[in-house]
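> The structure under discussion is supplied below as structure tokens; questions concerning it will follow.
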Amino acid sequence: MESSESAPPEVYVSREGVTTLRFEQPCDPSKTRLLAWEGHFEPLLVGGRSVVIVPLKDLTPGDRFLLMVTLMDGTELSFTVINSKTSWDGQVDVYADANSPETIRVLLEENQRLQDENRRHHEQGTSIDHALAALIARNEVSMTPFKELEKTLLHEDGAEILISLLMTKEKMPKRKVAMVFTVTNKDPERPWELMDARLSALATQEAKAFALREFPDSIAPGRTGRIVMVIDLSELDPKKDGDQLVFELFRNGGRQQSRVVMNYNGLLR
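If you use this note's numbering, the sequence shown corresponds to residues 6 to 274, in order.
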């Protein structure tokens, strides 16, 4: 794809998948924006030469969102993000024109207004951790900084659950942790649905904050889905809470479906 000086090129997205734009040069995360994204998309993932778009839900035919990308050399590009029910762009390789569209400079003036809205939504739980959880829930771990350290298989009544512990490579305490529950519904008739997920410190039983994403929302008999909990260990205090965390899942009906304890060294029990 080449950038255009007239109408911005269209990028097709779908709730069923993730769309990645790859550029010839690294992108500037501080100057790359998807306008009016709240409620429709996860926060953009911008890293290196890639921009990752993750829809939260299906868009209506009339929905059009302007994506503004700034490369590290100052080149500015714009794209129109729209819905596609039949197929979507999994990866778009962008070959940028050195002369960026002037319309981008005008639209960047809206950033100040969007910053206030973004801050409000972050306070409500929309964060980069939610975007990472959404990617993992869609089995796109390769697009995240996480690596699998350990896994264990549980055979519960009506479900088979593969629990995977993923961590980023930073040194403690700056690591992020992703606990992934891959649920296969063994019930021949009833769907499996998540009612609640909880995270607490084992020593104090105090609840801790985490990002949660699941896909799909309901797991049909014989099908498989994922529930992902992402936490930032730098936000915890081991001196106060100890070094062990408890992850719990409760399915429809209030029944506890899984409980796993993790320590900061990445060991499950």
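Beta carbons: idealized from backbone N, C-alpha and C, even for Gly. Computed from a prediction, not measured in an experiment: that's the story for all the values here.
Taking Cβ to Cβ, would you say LYS213 is nearer than 9 angstroms to ILE232?
To locate residue 213, count along the sequence shown from 1; it is residue 208. To locate residue 232, count along the sequence shown from 1; it is residue 227. Going by C-beta atoms, LYS213 is not nearer than 9 angstroms to ILE232.
> Over what stretch of residues does the alpha helix (DSSP H) that includes LYS244 continue unbroken?
Within the sequence shown, the letter at position 239 stands for residue 244. Unbroken alpha helix (DSSP H) run through LYS244: 243-246.
> What are the partner residues of TRP197, as DSSP defines its beta bridges?
On the sequence shown, position 192 is the one that residue 197 refers to. Paired residues: ILE224.
> Would you check whether the ligand ATP has a heavy atom nearer than 8 angstroms to the C-beta of ASP33?
Absent from the structure shown: the ligand ATP. Ligands present: none.
> Where does HIS160 sit, in a helix, a strand or coil, going by DSSP?
Your numbering for residue 160 matches position 155 in the sequence shown. Note: HIS160 maps to strand in three-state DSSP.
> Near THR25, which residues of its chain fall below 6 angstroms by C-beta distance, leaving aside the five closest residues on each side in sequence?
Position 20 of the sequence shown, counted from the first residue, corresponds to residue 25. Counting only Cβ-Cβ distances below 6 angstroms, and skipping sequence neighbours, we find SER55, VAL57, GLN96.
> What does the alpha-carbon distance come out to for the pair LEU167 and SER263?
As a first step, residue 167 is located in the sequence shown; it is residue number 162 there, counting from the start. As a first step, residue 263 is located in the sequence shown; it is residue number 258 there, counting from the start. The straight-line gap from Cα to Cα measures roughly 10 angstroms.
> From which residue to which residue does the alpha helix (DSSP H) around ASP3 run?
Missing from the structure shown is residue 3; the chain here goes from 6 to 274 and no further.
> Should ASN268 and LEU254 be called a contact, given that it needs their Cβ atoms to be closer than 9 angstroms?
If you number the sequence shown from 1, residue 268 lands on position 263. If you number the sequence shown from 1, residue 254 lands on position 249. No. Outside cutoff.
> If you reduce the DSSP assignment to three classes, tell me which class GLU29 lands in.
Sequence index remark: in the sequence shown, residue 29 carries index 24 (1-based). Note: GLU29 maps to coil in three-state DSSP.
> Could you have a look at LYS176 and say whether DSSP puts it in helix, strand or coil?
Within the sequence shown, residue 176 is the residue found at index 171, counting from 1. The answer is coil: DSSP assigns LYS176 none of H, G, I, E or B.
> Restricting to Cα atoms, I'd like to know which of LEU64, GLN210, TYR17 is closest to GLY247.
Numbered from 1 along the sequence shown, position 242 holds the residue referred to as residue 247. Residue GLN210 is the option with its Cα nearest to GLY247.
> Please work out which residues of its chain come closer than 8 angstroms, Cβ to Cβ, to VAL16, disregarding the five sequence neighbours upstream and downstream, and give them in chain order.
Position 11 of the sequence shown, counting from 1, holds the residue named residue 16. Once the five neighbours on either side are set aside, the close Cβ partners of VAL16 are THR24, LEU26, ILE58, LEU72, PHE84, THR85, VAL86, ILE87, ASP94, VAL97.
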